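Numbers given in my numbering equal positions in the sequence shown, counted from 1, plus 92. Where is the CB? At the ideal position from N, CA and C, for every residue including glycine. What you are looking at is a predicted structure, and each value in this text was computed from that prediction instead of being measured. Worksheet for the structure shown next.
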Amino acid sequence: MTLRIGNFSGFYGDRFDAPREMLTGGEVDVLTGDYLAELTMLILARDRLKDPSAGYARTFLRQLEQTLGLAHERGVRIVTNAGGLRPAGLADAVRALAGRLGIPVRVAHVEGDDLTARYPGALAAHAYLGGAGIAECLRAGADVVVTGRVTDAALVTGPAAAHFGWTATDHDRLAGAVVAGHVLECGTQATGGNYAFFRDSGGLRRPGFPLAELHADGSCVITKHPGTGGRADVGTVTAQLLYETGGARYAGPDVTARLDTVRLSQDGPDRVRVEGVRGEAPPPTLKVGLNRLGGFRNEVVFVLTGLDIEAKADLVKEQMGEALAKSPPAGVRWELARTDRPDAGTEETASALLRLVVRDPSQEAVGRVLSGAAIELALASYPGFHVLAPPGKGSPYGVFEDVYVPQGDVDHVAVLHDGRRVTVDAPHDTAVLDDVPPPALPEPLPPGPARRAPLGLVAGARSGDKGGNANVGVWVRSDDAWRWLAHALTVERFRELIPEARELPVTRHVLPRLRALNFLVEGILGEGVAAQARFDPQAKALGEWLRSRHLDIPEALL
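Structure (structure tokens):
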């Protein structure tokens, strides 16, 4: 008995036609849409401040208007977290849409994640619920299930538990579904999108969305519809498994999945078998994501062209420092990007960019003060003075943090299609998370000639954000490369290659079955993506920067 679960959205803004593509491209039983991220919750919260009826992903309604009839005809159920801050509101909107279209659809929703009232000053505070509420809705016959903030994997664990009759103590089976859900959650990232070895991915211009053929024992095959672009192979699935994870224990409200037990194998073209996943009791607490306004920020980018780049940067820093000293913002950050080249053939490639970012609780301190100081230098600073754009009045920025509450303190409720409310009990079997003992490393490669070369010639990487932290997963595609990587890429070497991490806590996790290392870098993103503390605020390209760094690599691997 196989349950085919597909994905049609990896974020709020993903490919609009994806639901239709998934419904018409091949067989599928359940379609899932993931719209929420830490930044998305802040955006929805700000929308709700302006309009109390806002707070959910309106794009989903427009997509559903084109595809609800098709899903109904084919018996495909839809599960989505597009409800955001107002799952009940979106469920009502879906019912109204179905009524206008004349389609008899049963709509249910899950609530209880909203804890904003408990945290004064927060724009939004939402617990990450598991899939049990979704399962209750589906068991009662719902065709569409709308949730708020659930874990991304819950969109798969809920349908799987309902379909196969799993209970809360079926840890291994649930863990398999969590792994499947984690692979599916970011859509085409599992089928070649954002893939380190993208030149091998074939037809990447429009990769197809992923599909998991899930089995009763929790194992699955990751695939995609025939004829769609991209590819599904061990590499693309490995990359997604490492995305935004930490150590060997991948904790969630339903179960803790052991990523160090995952076995991947190629099961044919565009088919990756995922099996062997072990599960443990979930932790006794739930993660709660807090979003609040951190203040106001503004920025200006000075263009420095030609000779004496460092001296020009020093001059404008000194001038701006004197101007800002009259009313200094709480935070001032300078970054010089040496994008210039000697003897450049174009003015653009002869130029470097000097970026100034200021932050303060007061909009005035980052608005007129900054813009006045910068523009007044137009005829009084370095030769060739100009900026990319004049600074504005300053804009609000958000801050994300996570806290934890006991699972039993959250009222997890499934609101069925007929209006009945079913309370979802917290799991009785829980276990506090402990670090997994480091596994034994493989035998190192024998000594031999080496060549200075980019790490990316032999290793792939994928990186991402979790609050103010970033992870960088690094993997290789052969056993010999693993024997080298496991010994060569230590925490110390990582810090050498990524200077931003030199003063930060860095933890290395070893995943031998995936031939992978996962590095967690604490604090590199400051107060989270909404605070925009660095050039790449979500650390999306941190892994690619690491792959571009040079080190001594055995010639046998090149």
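Excluding the 5 residues preceding and the 5 following residue i in the sequence, name in chain order all residues of the same chain whose CB lies nearer than 6 angstroms to its CB.
i      : result
VAL424 : VAL450
ALA246 : GLY222 and GLY223
ARG554 : ALA331, LEU334, TYR335, GLY565 and GLY635
GLY368 : THR353 and ARG355
HIS274 : ALA245
ALA146 : ASP139 and ARG140
Taking only three categories from DSSP, how would you classify residue i?
i      : result
ASP572 : helix
PRO591 : helix
HIS229 : Before going further, note that residue 229 is Cys rather than His in the sequence given. Note: CYS229 maps to helix in three-state DSSP.
ARG198 : coil
GLU130 : helix
ASP644 : strand
ALA246 : helix
SER463 : helix
THR337 : coil
VAL479 : strand
GLU372 : strand
LEU471 : coil
GLY559 : coil
LYS379 : strand
ALA625 : coil
ARG265 : helix
ALA324 : coil
LYS409 : helix
PHE100 : strand
HIS164 : helix
GLU203 : strand
ILE170 : strand
Take residue i and list the residues in its own chain whose beta-carbon comes closer than 7 angstroms to its own, dropping the five residues that flank it on each side.
i      : result
PRO453 : GLY387 and ALA422
LYS558 : GLU336
THR377 : TYR496, VAL497, PRO498 and GLN499
ARG210 : ALA217
PRO483 : ASN390, GLU391, VAL392, LEU462, SER463 and ALA466
ARG297 : GLY321
GLU493 : LEU382 and GLY559
ALA137 : LEU177, LEU215, ALA216 and ASN383
ALA470 : PHE477
ALA622 : LEU131, LEU134, TYR489, GLY490, VAL491 and PHE492
VAL458 : PHE388, ARG389, ASN390, PRO421, VAL450, ARG451, ASP452 and GLY486
MET93  : ALA308
Looking at residue j and residue i, is the spacing between their C-beta atoms short of 8 angstroms?
i      : j      : result
TRP567 : GLY556 : no
THR397 : GLU439 : yes
ASN563 : GLU614 : no
TYR127 : ALA174 : yes
ALA324 : PRO302 : yes
LEU416 : ALA465 : yes
LEU547 : ALA343 : no
TYR148 : GLY102 : no
ASP106 : GLY279 : yes
ALA180 : GLU157 : no
GLY327 : ARG350 : no
ILE226 : GLY257 : no
ARG575 : GLU535 : yes
ILE195 : LEU123 : no
ALA578 : ARG587 : no
ARG166 : LEU115 : yes
VAL505 : LEU649 : no
Against chain D, with Cβ distances strictly below 8 angstroms, would residue i count as a contact?
i      : result
LYS558 : Reference to chain D is not applicable here, since this structure consists of a single protein chain.
Can you give the beta carbon distance from residue i to residue j, rounded, assuming they're within the 8 angstroms contact cut?
i      : j      : result
ALA200 : LEU160 : So it is not a contact: roughly 15 angstroms between Cβ atoms.
ASP432 : ALA444 : 4 angstroms
ALA232 : ALA252 : So it is not a contact: roughly 17 angstroms between Cβ atoms.
ASP572 : LEU537 : 6 angstroms
ARG96  : GLU113 : About 15 angstroms separates the two Cβ atoms, so there is no contact after all.
VAL583 : VAL598 : 5 angstroms
ALA282 : VAL329 : 6 angstroms
GLY35  : LEU612 : It is not possible to answer for residue 35, since the shown part of the chain is limited to 93 through 650.
Assign residue i to buried or exposed, taking buried as 16 or more other Cβ atoms, counted over all protein chains shown, within 10 Å of its Cβ.
i      : result
HIS642 : exposed
PRO374 : buried
ARG544 : exposed
ASP309 : exposed
ALA110 : buried
LYS142 : exposed
ARG646 : According to the sequence shown, residue 646 is Pro rather than Arg. It is buried - the Cβ of PRO646 has at least 16 other Cβ atoms within 10 Å.
SER311 : buried
THR172 : buried
PHE100 : buried
LYS418 : exposed
ALA442 : buried
Less than 8 angstroms between C-beta atoms, sequence neighbours within five positions excluded: which residues of the same chain meet that for residue i?
i      : result
HIS520 : ALA260
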